[in-house]
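Start counting the sequence shown at 1; every next residue gets the next number (the UniProt record's numbering).
Positions of the beta carbon are idealized from the N, C-alpha and C atoms, including for glycine.
Notes follow the structure.
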Amino acid sequence: MRQLAEVSRQRGMTRTGWIVALVRSRLGSPVQHSPNEHGELRAIVRELNRIGGNINQIARAANSSVLQGRAVEPDLSAIREAKLVIERELAQLRSALHGNADYWDGRP
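In structure tokens:
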């Protein structure tokens with residue numbers, strides 16, 4: 001029982017929640033996330049949504065400029081920076097999802 005309490009505490013879950021998540025994972029249910037993981041994933045999704053909104057604003061501004069006959073000068077440094085942020089967020093997302101799946105599948 002101590003080991004179960006320790007494992008569930010490390011995942012930020014109750015013992016019952018951890019057991020339920022383990023059974024669900026073994027029965028093929030979607031990946032089980034701890035409350036901490038769930039919060040981290042929500043933060044990543046918010047950041048990606050923010051970036052998507054920025055990209056839409058840039059596209060609208062560029063389209064408007066073209067329609068008005070003005071040349072559009074791309075801000076390459078901003079594009080590179082956005083690309084790095086997107087790549088970082090996607091790497092964190094992949095890591096979180098793979099780590100979670102590995103945990104419930106019993107892989108180190």
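- In the displayed model, Ala61 falls within a helix according to three-state DSSP.
- Of the other Cβ atoms in all chains shown, 16 or more fall within 10 Å of the Cβ of His33; this residue is therefore buried.
- Classified as buried, Ala21 has 16 or more neighbouring CB atoms from the shown chains inside 10 Å of its CB.
- Straight-line measurement puts the Cα of Trp18 at about 13 Å from the Cα of Glu37.
- With a cutoff of 8 Å on beta-carbon distance, Ala82 and Ile44 are scored as not near each other.
- Following the DSSP letters along the chain, one finds Asp102 inside the alpha helix (DSSP H) bounded by residues Leu76 to Trp104.
- Assignment of Pro35 by DSSP, reduced to helix, strand and coil, places it in the helix class.
- Of the residues Leu27, Ser29 and Met1, the one whose Cα lies closest to the Cα of Thr16 is Met1.
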